[in-house]
Amino acid sequence: MTLSLILLIAGLLATPSRYTSVDVEINWNGSEKETAVCYRAIAGDDGRFLRVTRNFDPEYMEIEVLNSTYGFPGHPRSVPEWAVDTLTGSEGWPRAVVIAFPGLRPGMTIEWTFRVRERGHLAESGLFYTYIADNEPDTITISCPDVDNLSVGSTGFTETTGRNRRYFSSLDKDYREIWLSTAADWGEVRDILLESSDLSAMETPPDLREAAIEAGAAGALPRMRVSRGRILITESMQLLPFPGGDAGFAVRSLQEILDSRRATPIEAATLLSAMCRVMSIEAPVIPATNIIPLVPSPIGFFRAFIFVDGELEEPSEYLSPAGWVDTPDTLHLLLPGGTLAEMPPPEESERCMETWDISPSSGVFSLSIQTQGGFDRELRRKLAGMDTYEALLNISDWFRSSGIYFYPESIQLSDLFDLTEPAWIIVDGIIPPTGDNWIETAPSLNWNREGIITRDYVNVEYGNNVISR
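Numbering-wise (our numbering), the sequence shown opens with residue 17 and increments by one.
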């Protein structure tokens with residue numbers, strides 16, 4: 017038997033690790049939530065359960081391991097103490113409890129239980145819990161107290177009650193989802209998420225006034241002032257990833273945020289909203305989520321926008337410096353008044369026009385780019401905020417990555433911070449020495465999106481993607 021055949025058979029016989037069951041027990045006393053989650057699994061050849069982790073926020077949460085055993089069926093053994101540890105990330109977030117399973121072998125059964133105690137604003141505001149699973153584990157059971165005003169939204173679960181508790185059991189291995197929430201409506205959810213933000217936004221420290229004056233110094237239209245304020249925040253502060261839980265929507269005082277030069281998404285949005293208020297522009301903070309909640313719940317919200325002049329701005333480094341949302345995932349926004357809306361709005365026209373004016377006899381070219389939709393956003397992100405030298409270097413890199421061997425020498429730009437007009441650029445430069453058929457492929461820029469791209473070639477003959485004099 018050949019080695020390749022042996023490897024093929026081994027690959028076919030390999031078995032993946034898999035969860036067999038998850039049991040969740042939730043308790044809530046009106047101010048503290050305690051959740052015990054017991055996992056059971058079978059180890060496969062992929063080493064998936066060599067170690068398991070549970071992240072937590074030490075400011076609002078306590079976590080402990082109640083049990084951890086593994087072994088072949090009928091022969092369980094406890095995980096040694098040295099194989100359970102707490103790892104600390106930078107500045108205390110995130111932390112994680114880690115359980116390692118030394119000597120784990122395929123076919124072994126594994127069981128471990130985490131107990132998490134949560135205090136803080138979310139736990140004090142209600143009982144909230146969400147579980148979303150695909151094909152695994154085999155079975156899921158969830159129990160919680162039968163508290164007043166508990167709303168349940170579920171797919172693939174059956175419910176029973178007894179002894180002042182409610183029990184939910186999965187029906188099969190298809191997609192399963194359950195949401196538990198004591199929030200009365202989306203208005204209450206918004207109040208829970210933005211209570212800290214609303215309090216901080218009422219402040220007007222001196223540094224905030226100075227930032228607002230800098231943003232509005234050009235005396236531009238309100239939309240331009242908002243955009244400049246947004247860029248001022250994203251370029252002068254370290255924007256942190258969404259920390260989750262209570263920390264995700266806890267907002268420090270505006271002066272603390274300004275002094276630390278770092279902000280979470282909700283803090284950056286709150287700062288921008290307050291800056292707009294100083295400039296006499298109303299711009300409330302809007303939380304966003306990418307999962308459709310089955311009942312009103314504060315769980316799952318992880319981004320924050322401001323709502324100004326009927327449009328949205330997100331103070332995020334990932335979208336800087338353009339102010340539009342450009343994501344394949346649909347976002348759901350919690351608007352003022354407690355309305356859950358869908359974002360993005362109807363798609364813009366995705367168009368781009370490249371005009372290449374080429375003069376082989378004089379050895380120069382001029383490229384004009386007009387954009388709409390996603391092309392507009394991409395152009396802004398490539399070049400906004402750069403000086404002329406930096407922009408030329410960026411354009412040169414863009415040319416090289418597109419296989420274009422023209423040399424840019426000068427550039428003209430629209431105001432890429434002004435979102436009221438489409439972005440455009442004009443690039444002038446020199447071309448290589450010319451012959452009769454002096455270039456095999458017509459110049460064209462590589463864009464990171466699909467759409468309608470129109471290209472015109474002026475002062476040269478163009479056919480079959482070949483330019484000739």
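By construction, the Cβ of each residue, glycine as well, lies at the ideal position given by its N, Cα and C atoms. None of the values given here were measured: they were computed from a predicted structure.
Could you check the C-alpha separation between residue i and residue j for me, to the nearest Å?
i    : j    : result
F497 : P303 : In this structure the chain extends from 17 to 485, so residue 497 is not present and cannot be described.
T436 : S430 : 11 Å
G353 : F415 : 48 Å
R144 : T346 : Here residue 144 is Phe; the residue named in the question, Arg, does not match the sequence. Taking the straight line from one Cα to the other gives about 23 Å.
P309 : I208 : 16 Å
I427 : N306 : 39 Å
V168 : D275 : 43 Å
M41  : R182 : The sequence given here has Glu at residue 41, not Met. One C-alpha to the other measures close to 10 Å.
G261 : N464 : 34 Å
F258 : R319 : 7 Å
N453 : P438 : Low confidence applies to N453: its pLDDT is 49, below 50, so where it sits in the model is not reliable enough to give any reading.
L395 : T404 : 15 Å
S377 : E406 : 29 Å
V324 : R239 : 8 Å
N180 : V163 : 8 Å
G90  : R67  : 22 Å
L196 : S296 : 40 Å
I79  : V205 : 26 Å
W98  : S84  : 12 Å
T190 : I148 : A quick correction: the sequence has Asp, not Thr, at residue 190. Near 11 Å, if we compare the C-alpha coordinates of I148 and D190.
I273 : E330 : 17 Å
A458 : I447 : 13 Å
A57  : S365 : 49 Å
G390 : A284 : 24 Å
G178 : S47  : 23 Å
With distance defined between alpha-carbon atoms, name the residue in the options nearest to residue i.
i    : options                   : result
S216 : T355, D262, R278 and I282 : I282
L187 : D201, Q271 and G172       : G172
E127 : E152, E97, D223 and V81   : V81
A199 : V311, G136 and V100       : V311
K49  : T371, C160 and A458       : C160
L408 : G419, R206, I442 and Q388 : I442
D62  : R93, V53 and L120         : L120
S417 : T457, Y423 and N462       : N462
G401 : N180, L210, E219 and E251 : E251
I411 : V38, G445, T102 and I194  : G445
D154 : G479, S37 and P221        : S37
P74  : V53, S84, T102 and I469   : T102
R229 : F433, V482 and R293       : A small correction: the amino acid at residue 229 is Ile; Arg does not occupy that position in the sequence shown. Residue R293 is the option with its Cα nearest to I229.
E425 : F391, L287, V380 and A458 : V380
L287 : E327, L328 and P221       : P221
W202 : S313, Y478 and T157       : S313
V114 : M253, F65, Y423 and D39   : F65
T174 : L432, A59 and S185        : S185
Q254 : R277, T387 and D150       : R277
N165 : D392, S141, L328 and L432 : S141
Anyone know if the C-beta pair for residue i and residue j falls short of 8 Å?
i    : j    : result
S375 : N475 : yes
T51  : V132 : yes
Y86  : F117 : yes
E134 : Y76  : yes
M124 : F88  : yes
R367 : G467 : yes
L383 : W372 : yes
T31  : P122 : yes
P300 : I322 : yes
A279 : L248 : no
I194 : S213 : no
E226 : H137 : no
Y35  : E219 : no
A290 : L349 : no
R471 : S484 : no
Checking the sheet assignment: what are the DSSP bridge partners for residue i?
i    : result
D101 : V114
A357 : L349
Y421 : BP columns for Y421 are empty, so no partner.
P161 : R181
T146 : W195
A285 : According to DSSP, which records beta bridges pairwise, A285 is partnered with nothing at all.
A52  : E41 and R131
Meets three-Cβ-pair contact criterion under 8 Å: the stretch 236–249 and the stretch 261–271: no
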